[in-house]
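A.B. asks: Structure incoming, see below.
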Amino acid sequence: MKNIFLKITFVVFAVGTLSSCNEEETAIPTTTVTVAGEDFQTAVNSTDLDLLGWTNFNETGTWKWREKTFTSSGVTNGYAEFSAFGSGSPINTAWLISPEIDLDVADNKGVAFDVCQHHLDVDSPNNSLEVLISTNYDGTNVLAATWTPLQANIPTKSTSWYLFLKSNVNLSAYHGKAHIAFKFKGSGTDLTLDGAFQVDNFLFYMLLSYFECDSN
Numbered sequence: 070m071k072n073i074f075l076k077i078t079f080v081v082f083a084v085g086t087l088s089s090c091n092e093e094e095t096a097i098p099t100t101t102v103t104v105a106g107e108d109f110q111t112a113v114n115s116t117d118l119d120l121l122g123w124t125n126f127n128e129t130g131t132w133k134w135r136e137k138t139f140t141s142s143g144v145t146n147g148y149a150e151f152s153a154f155g156s157g158s159p160i161n162t163a164w165l166i167s168p169e170i171d172l173d174v175a176d177n178k179g180v181a182f183d184v185c186q187h188h189l190d191v192d193s194p195n196n197s198l199e200v201l202i203s204t205n206y207d208g209t210n211v212l213a214a215t216w217t218p219l220q221a222n223i224p225t226k227s228t229s230w231y232l233f234l235k236s237n238v239n240l241s242a243y244h245g246k247a248h249i250a251f252k253f254k255g256s257g258t259d260l261t262l263d264g265a266f267q268v269d270n271f272l273f274y275m276l277l278s279y280f281e282c283d284s285n
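For what it's worth, the working numbering labels the leading residue of the sequence shown as 70, then goes sequentially.
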């Protein structure tokens, strides 16, 4: 079992532009700091996803989320994927759930991730990807937990295949311990519902403000 859920507390990955104040500005953009992340770069192609701390749970159907890699121009990228194509199950419902994150590290925090699709024929809840959060998931009983949908930038059938869309979800309203879930639904027997979704570059981050403009 591989452990690549990174514990990188207080490592800067992106910094806002620090410009001078003017009459229309009230604050300088914040600095974003990574608390934990997963880039799936140790993925073993076409194997069931097996990363320490991550839950890979098939609610219906026998297939689970898979580790995948793709190499282009000598560069290999790893990611997580669920494709219902060929599963043989009328319904595939599969959960990929992050390790526990501590939402009390800061008042202002969030998660970021990339999602793409391929072979998505319809925009339907029967072939879809949801992003959810739970503050009472015990790490084992997925269906006993309370899961709340999060607004995310999920590709539709009109989105180009393999084009990763970025999401940045503010979690400042949440506190305590939490998990983030990617819930796939599709079909291995209905060819209109056998599309796939891929997830990459999962980050849990906090925001730090360095200073505010003088309003005088």
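Virtual Cβ for every residue (Gly too), placed ideally from N, Cα, C.
(1) Does the beta-carbon of residue 274 have 16 or more other beta-carbons within 10 angstroms, so that it is buried, or is it exposed?
(2) So residue 225 packs on residue 159, CB below 8 Å; how close in whole Å?
(3) When we look at the beta-carbon of residue 120 and count the other beta-carbons within 10 Å, is it buried (16 or more) or exposed?
(4) Find out if the Cβ-Cβ distance for the pair residue 163, residue 195 is shorter than 8 Å.
(5) Using the three-state DSSP reduction, which class does residue 212 fall into: helix, strand or coil?
(6) So what's residue 180 in DSSP terms, helix, strand or just coil?
(7) In whole angstroms, what separates the C-alpha of residue 130 from that of residue 100?
(8) Using the beta-carbon count (16 or more within 10 Å), is residue 186 buried or exposed?
(9) In angstroms, rounded to a whole number, what distance separates the CA positions of residue 216 and residue 210?
(10) Have a look at residue 237 and residue 181 and give me their C-alpha separation to the nearest angstrom.
(11) Out of 228, 229, 243, point me to the one whose CA is closest to residue 203's CA.
C.D. replies: In short, the structure shows the following:
(1) buried
(2) Contact doesn't hold; Cβ gap of about 23 Å is too wide.
(3) buried
(4) no
(5) helix
(6) strand
(7) 43 Å
(8) buried
(9) 12 Å
(10) 4 Å
(11) 243
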